[in-house]
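Undergrad: Each residue of the sequence shown is one higher than the last, beginning at 1 in this note's numbering. Even glycine gets a Cβ: it sits at the ideal position worked out from N, Cα and C. Note that this is a predicted model, so its numbers are computed, not measured.
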Amino acid sequence: MAPVIRPRRLRTSAAMRRLVAETTLAPRQLVLPMFVADGLDEPREISSMPGVVQHTFDSLRKAAEEAVRAGVGGLMLFGVPATADKDATGSGADADDGVLNRALRILSDDLGDDTVLMADTCLDEFTDHGHCGVVDARGRVDNDATLERYVSMSLAQARSGAHLLGPSGMMDGQVGAIRAALDDAGFADTGILAYAAKYASAFYGPFREAVGSSLQGDRRTYQQDSANRIEALREVRLDLDEGADIVMVKPAMSYLDIVRDVAEIADVPVAAYQISGEYSMITAAAERGWIDRDAAILESLTSIRRAGASIILTYWAAEVAARLG
Ligand code: PBG
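Here it is as structure tokens:
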């Protein structure tokens, strides 16, 4: 009788499994998204994301320093302006004293080149209607008028010390417009982490609370339809042609096939964003004792790496970096 072929031999001990593991997870691959809000006296818990807060400037500095000390690869900053400061064009986004630009300057002063400082380049936190762009008379998001706002916002973020800009609004031509403007203004070294394949997703729900979003309706005229796969490749190819330095897929866990597809065509690093709803689902199930929290977190991150992302944005970045040591 032929001998039984035994793959299980390579699973016999933790040491053996470690020896043959195909996928690794390292602190430098993890990027921590952080929220900083204007007008807070102390950090505010985000109820739909237990463990994540809207920071004050002081608590932001402290948490950023801790994350960098834990070894994370970078920080991605989101600004939360006071409601009274929101308007139709999102003026707070490119104002040098807007919450996000102020926070960038503070962290840039504190951390310099010790980390990679990234900024969300999008208007949704700053507009009173909550859309990622400016809206025309008929209520539609105007692509090319929005590009002008993104350019202005990008220059403000570059001046404020961001190393990488993260245009996340899914306007056509956003990477090219931003790249050209950065180059013209002498910011050739400021890079672009392009949200290249970003899907309209129900899993962004908790983020809307995190940034105090004013959005009514949805973003389906600019973010991608979850039914589509080929379209993601087109979006990525366009962003690469327009000069993206890193391309990102978002969300991560429901889109691991897209992460794999993109990893196969991109000749730049591929990032994936484990978004708010992914964080909240695992957190909620763990709170109920339904799953093992720490194991589920590591498994989720490992699966995103296995799919082909070399960089992962995750609200667990600092915690996991510290755990991995
Ligand atoms: C847009 C932006 C969003 C997220 C990151 N950038 C929200 C959206 O597109 O509705 C979502 C991040 C998350 O859910 O964790 N500025």
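Grouping DSSP H, G and I as helix and E and B as strand, with all else coil, what is Y279?
TA: What you label residue 279 is simply residue 279 of the sequence shown in a count that begins at 1. Helix.
Undergrad: Kindly list the residues whose CB is nearer than 6 Å to the CB of A272, restricted to its own chain and excluding five residues on each side of it in sequence; keep chain order.
TA: Locating residue 272 in the sequence shown gives position 272, counting from the first residue. Once the five neighbours on either side are set aside, the close Cβ partners of A272 are V249, A252, V259, I304, A309 and I312.
Undergrad: Can you check whether the CB of R149 is closer than 8 Å to the CB of T89?
TA: Locating residue 89 in the sequence shown gives position 89, where the first residue counts as 1. Locating residue 149 in the sequence shown gives position 149, where the first residue counts as 1. The answer is yes: Cβ separation under 8 Å.
Undergrad: Give me, in chain order, the residues of the same chain whose beta-carbon lies closer than 7 Å to that of R179; leave out the 5 immediate sequence neighbours on both sides.
TA: Here residue 179 refers to the residue found at position 179 when the sequence shown is read from its first residue. Hits under 7 Å: I192, E242 and G243.
Undergrad: Taking contact to mean 3 or more Cβ pairs, one atom from each stretch, closer than 8 Å, check whether the stretch 211–226 and the stretch 87–107 are in contact.
TA: The stretch 211–226, when compared against the stretch 87–107, does not touch it at the 8 Å Cβ threshold.
Undergrad: Do T326 and V134 have their CB atoms nearer than 8 Å?
TA: Outside the displayed range of the chain (1 to 325) lies residue 326, so it cannot be described from this structure.
Undergrad: Per DSSP, L165 is paired with what?
TA: In the sequence shown, counting from the first residue as 1, residue 165 sits at position 165. For L165, which the question treats as bridged, DSSP gives the partners A119 and I192.
Undergrad: What does the alpha-carbon distance come out to for the pair E125 and C132?
TA: Here residue 125 corresponds to residue number 125 of the sequence shown, with the count starting at 1. Here residue 132 corresponds to residue number 132 of the sequence shown, with the count starting at 1. Each residue's alpha carbon lies about 8 Å from the other.
Undergrad: Run through DSSP, which three-state label would R222 get?
TA: Taking the first residue of the sequence shown as position 1, residue 222 is located at position 222. Note that residue 222 is Tyr in the sequence shown here, rather than Arg. Note: Y222 maps to coil in three-state DSSP.
Undergrad: Can you have a look at D261 and say buried or exposed, based on whether 16 or more other CB atoms are within 10 angstroms of its CB?
TA: Here the question's residue 261 lines up with position 261 in the sequence shown. Classification for D261: buried.
Undergrad: Taking 7 Å as the cut-off, does the CB of Y255 come closer than this to any heavy atom belonging to the ligand PBG?
TA: Translated into positions along the sequence shown, residue 255 becomes position 255. Checking every heavy atom of the ligand PBG against the Cβ of Y255, none is found closer than 7 Å.
Undergrad: Taking 7 Å as the line, does the beta carbon of S276 fall inside it for any heavy atom of the ligand GDP?
TA: Ligands displayed in this structure: the ligand PBG; the ligand GDP is not among them.
Undergrad: Is it the case that the stretch 8–15 contacts the stretch 33–53, given that we only count it when at least three CB pairs across the two stretches are under 8 Å?
TA: With a cut-off of 8 Å, the stretch 8–15 and the stretch 33–53 do not count as touching, because too few Cβ pairs lie within range.
Undergrad: For V53, which of helix, strand or coil comes out of DSSP?
TA: Here residue 53 refers to the residue found at position 53 of the sequence shown. In this structure, V53 counts as strand in the three-state DSSP scheme.
Undergrad: Is it a yes or a no for the stretch 111–121 touching the stretch 160–167, going by three-plus beta-carbon pairs under 8 Å?
TA: Output reads yes: the stretch 160–167 touches the stretch 111–121.
Undergrad: Output the distance between the C-alpha atoms of I275 and A21, rounded to the nearest integer angstrom.
TA: As a working mapping, residue 275 is identified with position 275 in the sequence shown. As a working mapping, residue 21 is identified with position 21 in the sequence shown. Spanning the two alpha carbons is a distance of roughly 26 Å.
Undergrad: Consult DSSP for R234 and reduce its assignment to one of helix, strand or coil.
TA: One-based indexing of the sequence shown puts residue 234 at position 234. Residue state, collapsed to three classes: helix.
Undergrad: Go ahead and pull the three-state DSSP assignment for F207.
TA: Reading the sequence shown from its first residue, position 207 is the one you call residue 207. Residue state, collapsed to three classes: helix.
Undergrad: So is the beta-carbon of R219 under 7 Å away from any non-hydrogen atom of the ligand PBG?
TA: As a first step, residue 219 is located in the sequence shown; it is residue number 219 there, counting from the start. R219: yes, Cβ under 7 Å from the ligand PBG.
Undergrad: Give the straight-line distance between the Cα atoms of E59 and I230, rounded to the nearest whole angstrom.
TA: As a first step, residue 59 must be located in the sequence shown, where it is residue number 59. As a first step, residue 230 must be located in the sequence shown, where it is residue number 230. Going by the sequence as given, residue 59 is Ser instead of Glu. Roughly 42 Å separates the two Cα atoms.
Undergrad: Per DSSP, what are the beta-bridge partners of M34 in this structure?
TA: Stepping through the sequence shown from its first residue, residue 34 is reached at position 34. BP columns for M34 point to L77.
Undergrad: Rounding to the nearest angstrom, what Cα-Cα distance links R288 and M34 in this structure?
TA: For this step, residue 288 is matched to residue 288 along the sequence shown. For this step, residue 34 is matched to residue 34 along the sequence shown. Their backbone Cα atoms lie some 26 Å apart in a straight line.
Undergrad: For R6, does the three-state DSSP call read helix, strand or coil?
TA: On the sequence shown, position 6 is the one that residue 6 refers to. Looking at R6 - three-state DSSP - the assignment turns out to be coil, as it is neither helix nor strand.
Undergrad: Tell me whether D219 is buried or exposed, calling it buried when 16 or more other Cβ atoms sit within 10 Å of its Cβ.
TA: Within the sequence shown, the letter at position 219 stands for residue 219. For the record, residue 219 in the displayed sequence is Arg; it is not Asp. So R219 counts as buried.
Undergrad: Which residues mark the beginning and the end of the alpha helix (DSSP H) in which V134 is found?
TA: Along the sequence shown, one-based indexing puts residue 134 at 134. It is not in any alpha helix (DSSP H) - V134 carries neither H nor E in the DSSP assignment.
Undergrad: Using a threshold of 8 Å, state whether the C-beta atoms of V72 and L32 are closer than that.
TA: Translated into positions along the sequence shown, residue 72 becomes position 72. Translated into positions along the sequence shown, residue 32 becomes position 32. For V72 and L32, yes; Cβs fall inside 8 Å.
Undergrad: When every heavy atom of the ligand PBG is checked, does at least one fall within less than 7 Å of the C-beta of D136?
TA: Here residue 136 corresponds to residue number 136 of the sequence shown, with the count starting at 1. No, the Cβ of D136 stays beyond 7 Å of every heavy atom of the ligand PBG.
Undergrad: How is M170 classed by DSSP in three states: helix, strand or coil?
TA: Against the sequence shown, residue 170 aligns to sequence position 170. Reduced to three states, the DSSP call for M170 is coil.
Undergrad: Which of the three DSSP states, helix, strand or coil, is assigned to D87?
TA: Mapped onto the sequence shown, residue 87 falls at position 87. If DSSP states are grouped into helix, strand and coil, D87 belongs with the strands.
Undergrad: Is S168 near the ligand PBG, judged by its Cβ being under 7 Å from some heavy atom?
TA: Translated into the one-based positions of the sequence shown, residue 168 becomes position 168. S168: yes, Cβ under 7 Å from the ligand PBG.
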